[in-house]
Amino acid sequence: MKKRVIILLIIYVNLLGALMAFSLFSVATGKADIVISGIATDSDGRVYVGCDKGIEIYDQSELVRKMSIPTSRGYKFTIVNDRIILSDGDYIYTINSNGEILGTQTDSYENHVRSGNTFKAVNGDIYRVKSFLFRTKIIKNDNTVVYRISDRDLAAKLALEIAGLSVVIGVPCFVSKFKKSKTV
Numbered sequence: 004m005k006k007r008v009i010i011l012l013i014i015y016v017n018l019l020g021a022l023m024a025f026s027l028f029s030v031a032t033g034k035a036d037i038v039i040s041g042i043a044t045d046s047d048g049r050v051y052v053g054c055d056k057g058i059e060i061y062d063q064s065e066l067v068r069k070m071s072i073p074t075s076r077g078y079k080f081t082i083v084n085d086r087i088i089l090s091d092g093d094y095i096y097t098i099n100s101n102g103e104i105l106g107t108q109t110d111s112y113e114n115h116v117r118s119g120n121t122f123k124a125v126n127g128d129i130y131r132v133k134s135f136l137f138r139t140k141i142i143k144n145d146n147t148v149v150y151r152i153s154d155r156d157l158a159a160k161l162a163l164e165i166a167g168l169s170v171v172i173g174v175p176c177f178v179s180k181f182k183k184s185k186t187v
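For the sequence shown, the numbering used here assigns the number 4 to the initial residue and increments by one for each residue that follows.
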């Protein structure tokens, strides 16, 4: 019985390691974005989605381009007068729609950049980030889907969630099985 538990534990650790490696490698290399740092729209109706490695710009649900950002850590952003106002917690960057930095200032936290799961456009349209079964999408107030997480991003997100859940459930199960097999 003890040998069987050890074999199952080895298989479990290998599968968990593979899931974690796939997910972390995908995120670290920029192949997958699993976190949305905010959403905004410009006056032309293009949707800007803040992802791990930059801002993705969508026009009518099609990816137009990715814009690199001047920070390698977490950030929040919004759009005011067709200019991106981005904060990384230390600095506030003003960026035009071509990705050029127009200005930088120290973040005083007085007018802190707010960005979240809802954005109200200048024309009154409301955009919301929704998630169902890890499938993240951005929906306009008329129920039009303007962004949907890619299959690669979804796979990386699911792998990370499954790995985390299996640690929470699996480790206590193996510990209790191992204790039972030790007493027998």
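All C-beta atoms in this analysis are idealised placements derived from N, C-alpha and C, irrespective of residue type, glycine included.
Do you know how far the Cα of residue j is from the Cα of residue i?
i: Y94; j: Y78; result: 10 angstroms
i: T109; j: C176; result: 50 angstroms
i: L161; j: L27; result: 12 angstroms
i: T121; j: L11; result: 45 angstroms
i: L136; j: R151; result: 13 angstroms
i: I141; j: I9; result: 45 angstroms
i: L163; j: G119; result: 22 angstroms
i: S100; j: Q63; result: 17 angstroms
i: L89; j: S153; result: 24 angstroms
Using a Cβ-based criterion (distance less than 7 angstroms to any ligand heavy atom), does residue i qualify as near the ligand FAD?
i: D93; result: Ligands displayed in this structure: none; no statement on the ligand FAD is therefore possible.
Going by DSSP, what residue range makes up the beta strand (DSSP E) through residue i?
i: I95; result: Y94 to I98
i: R151; result: V148 to R151
i: S90; result: R86 to S90
i: R76; result: Note, R76: premise wrong, no beta strand (DSSP E); not H, not E.
i: F2; result: As displayed, the chain neither begins before 4 nor continues past 187, which places residue 2 out of reach and without an answer.
i: F135; result: I129 to F135
i: G106; result: I104 to T109
Kindly give me the distance between the Cβ atoms of residue i and residue j, rounded to whole angstroms, as I take these residues to be in contact under 8 angstroms.
i: S46; j: F80; result: Going by Cβ atoms, the distance from S46 to F80 rounds to 16 angstroms, so no, they are not a contact pair.
i: Y112; j: I82; result: That belief does not hold up - the Cβ atoms of Y112 and I82 are roughly 20 angstroms apart, past 8 angstroms.
Taking the runs of the alpha helix (DSSP H) that are 4 residues or longer, which of them lie wholly in the region 4-66? 5-31
Does the region 121-128 come close enough to the region 14-24 that 3 or more CB-CB pairs lie under 8 angstroms? no
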